[in-house]
Amino acid sequence: MTANQTTDEPDSVVDARGATCPGPLMDLIGELRTVETGAVVALLSDTEKSTTEVQEWADEAGNEIIDVLDEDDHYKIHVRKL
Amino acid sequence: MTEHIAIIGGGTGGAVLANNLAEKLSTEIDAGEVAVTLINDGPDHVYKPVWLYVAFGQREPADGRRPLRGLVDDRVEIREDYVYDIDHERRELELVDTVESFAYDKLVIATGSQLDPDRVPGLTDGGHHFYGEAGAQGLRDELLGMDGGHVVLSVIGTPHMCPAAPLEFVFMLDDWLRERGRREAFDITYTYPIMRVHGDEHIAEWAEPRLNERDIAIETMFNAEAVDPEAETITAMEGTELDYDLLVAIPPHTGSDLIETAGLGDGGWVDVDQHTLEATGFEDIYAIGDAAQTGVPKAGSAAHYQANVVGQRLASEVRGQPVTAVYGGKTVCFIETGMDGATFVEFDYENPPSPSEPTQAMHWSKLAYNESYWLTARGLL
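Residue numbers (the numbering used here), protein chains in the order written: chain A, 1 to 82; chain B, 83 to 463.
Right under this line is the structure:
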């Protein structure tokens with residue numbers, strides 16, 4: 001997978017809308033394990049809590065939140081693997 | 083003209099669905115209007131939750147296996163073969179052991195999860211697990227041979243089957259050692275990839291104080307990236323390194339290669355509509371259980387409920403009736419909290435889990451369910 005530097009076309013999308021257990025953040029981590037350093041992953045989540053916990057996790061794990069977009073019925077969070 | 087329904091995979095979802103269809107469409111099958119074929123890559127149906135108990139010497143691996151033929155209605159043809167590709171335009175399956183393609187009208191993918199420990203360097207050699215028959219036996223032998231030391235349970239794979247099982251394992255290990263008077267000779271550490279002890283915050287809030295009470299050390303924000311079997315260390319991407327005497331890991335999981343080959347989704351998981359369970363962008367293809375990317379746990383109960391929904395949808399389609407059945411995300415899980423206690427959670431897309439106080443009665447309910455599971459596979463429970 002080629003590392004991407006923009007959020008217009010993320011390298012991959014994790015659609016975790018409606019995810020129950022273990023939840024969107026775990027789905028995101030699973031995807032980040034499979035992509036190259038520098039790749040951008042878009043997480044779609046309909047849980048507002050994802051916006052804070054993904055940020056908290058990324059700060060700890062040393063990944064970058066590029067932006068958090070409110071798409072009306074869900075959030076789109078772009079994360080760059082560092 | 084006979085309508086052919088093919089099911090790939092004879093696990094919980096595939097077996098329950100096959101029996102469900104045999105019952106609902108018995109008249110049509112007997113009249114030759116419908117044929118149901120279940121294709122599985124082996125002769126046996128496997129009940130995976132038994133492996134957790136195998137690790138503690140409480141069950142035998144054979145307790146988790148039964149011939150598929152004995153569980154599935156005789157109206158269903160069972161083929162032992164491996165599907166390596168799907169031509170969704172021609173509606174044909176390509177099989178390893180059969181030269182001719184297999185024609186279907188409606189297809190259900192129930193190919194489950196496989197373990198992929200090689201994705202973490204050193205894990206295959208350095209780690210043990212209870213997510214497979216041989217793995218559980220190996221772990222049992224290791225545990226029985228230990229006088230003391232540091233047991234590390236590390237959740238590595240996300241997603242993984244049965245999200246409650248890692249917690250169950252450390253609770254059961256703690257109890258098992260206490261019953262044998264050996265607990266003081268052991269340290270137990272539980273690692274999890276995010277900032278709490280479980281992906282679901284309600285289960286995490288319930289579990290964390292219980293881990294603390296039992297003196298089970300917690301390492302959150304621990305994403306294992308390598309295991310050194312010689313030095314007996316496991317290292318996380320976050321920089322933490324743990325020494326272990328016994329590493330019990332939840333390995334990375336993957337779905338079937340077939341799904342990527344057929345273009346149905348990434349990583350072996352089929353992109354589906356969460357409610358109808360139809361494969362996104364494909365006509366007359368459904369996916370259920372672990373193979374379906376629904377957002378619910380990779381757990382037998384989810385596969386069971388999904389199979390019932392797809393059975394109802396297929397029966398409606400075959401009869402030309404309006405298709406109304408949808409899946410609401412229903413999942414139920416027992417969570418063992420030791421050798422003599424358990425709790426139970428039930429949740430769906432709208433309602434989160436809410437674990438209750440563990441009871442002995444719930445533990446016995448789980449053991450009873452393990453025995454009665456075979457009625458589920460037969461479509462009777």
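We put the CB at the ideal spot given by N, CA and C, even for glycine.
- Contact of PHE429(B) with chain A by beta-carbon distance below 8 angstroms involves THR20 and CYS21.
- For TYR166(B), the CB contacts under 8 angstroms within the same chain, skipping 5 residues up- and downstream, are GLU176, LEU177, VAL178, ASP339, LEU340 and THR343 in chain order.
- Taken atom to atom, the span from the alpha-carbon of PRO24(A) to that of ASP11(A) is near 18 angstroms.
- Secondary-structure assignment with DSSP links ASN122(B) through a beta bridge to GLU162(B).
- Along the length of the stretch 337–387 of chain B, whole alpha helix (DSSP H) runs at least 4 residues long occupy 339–343, reported in chain order.
- Residue pairing for GLU64(A): DSSP places it in a beta bridge opposite ARG80(A).
- In the displayed model, GLN140(B) falls within coil according to three-state DSSP, outside both helix and strand.
- A buried status is given to ALA39(A), since no fewer than 16 other beta-carbon atoms sit within 10 Å of its beta-carbon.
- Contact between the stretch 430–437 of chain B and the stretch 123–134 of chain B is not established, with fewer than three Cβ pairs separated by less than 8 angstroms.
- Ranking VAL400(B), ARG260(B) and GLY321(B) by CA distance to the CA of ASP297(B) puts ARG260(B) first.
- The DSSP assignment places complete beta strand (DSSP E) segments of no fewer than 3 residues inside the stretch 159–210 of chain B at 165–169, 174–177 and 188–191, in order along the chain.
- Burial state of THR193(B) is buried, judged by a 10 Å Cβ sphere holding 16 or more other Cβ atoms.
- Contact of ALA16(A) with chain B is assigned, a C-beta pair being separated by under 8 angstroms.
- ARG148(B) has HIS127(B) as its beta-bridge partners, per DSSP.
- Going by DSSP, ILE285(B) is part of the alpha helix (DSSP H) stretching over 283–295.
- For ARG460(B), the CB contacts under 7 angstroms within the same chain, skipping 5 residues up- and downstream, are ASN101 and LEU153 in chain order.
- The beta carbon of LEU43(A) sits no closer than 8 angstroms to any beta carbon of chain B.
- When rounded, the separation of the alpha-carbon atoms in ASP15(A) and ASP145(B) is 37 angstroms.
- In the structure shown, ASP11(A) falls within a coil segment according to DSSP collapsed to helix, strand and coil.
- The beta carbons of GLY95(B) and GLY363(B) sit no closer together than 8 angstroms.
- The closest CA to that of GLU283(B), considering only LEU103(B), ILE121(B) and PRO435(B), is found on PRO435(B).
- For GLY220(B), the secondary structure class from DSSP, reduced to helix, strand or coil, is helix.
- In terms of Cβ geometry, LEU324(B) and ILE316(B) form a close pair [threshold 8 angstroms].
- If you compare the alpha carbons of ILE276(B), PHE251(B) and ILE160(B) with that of LEU225(B), the shortest gap goes to PHE251(B).
- The beta carbons of ALA373(B) and ILE191(B) sit about 5 angstroms from each other, so the pair counts as a contact at 8 angstroms.
- Residue-level contact by beta carbon holds for PRO275(B) and chain A, with a gap shorter than 8 angstroms.
- The beta carbons of GLU174(B) and PHE184(B) sit closer together than 8 angstroms.
- ASP355(B) has a beta carbon lying at 8 angstroms or more from every beta carbon in chain A.
- The stretch 199–209 of chain B makes no contact with the stretch 262–274 of chain B, as fewer than three CB pairs between them are under 8 angstroms.
- Residues of the stretch 37–61 of chain A with a C-beta atom less than 8 angstroms from some C-beta of chain B are LYS49, GLU53, GLU56, TRP57, GLU60 and ALA61, listed in chain order.
- At least one beta carbon of chain B lies nearer than 8 angstroms to the beta carbon of LEU25(A).
- The residue from GLU399(B), THR419(B) and LEU221(B) with its alpha-carbon nearest to that of LEU449(B) is THR419(B).
- If you draw a straight line from the Cα of ASN122(B) to the Cα of GLU162(B), it comes to about 5 angstroms.
- The C-beta separation of VAL118(B) from ARG151(B) comes to about 14 angstroms, leaving the pair out of contact by the 8 angstroms criterion.
- Assignment of ASP310(B) by DSSP, reduced to helix, strand and coil, places it in the strand class.
- For SER45(A), the enclosing beta strand (DSSP E) stretches over residues 40–45.
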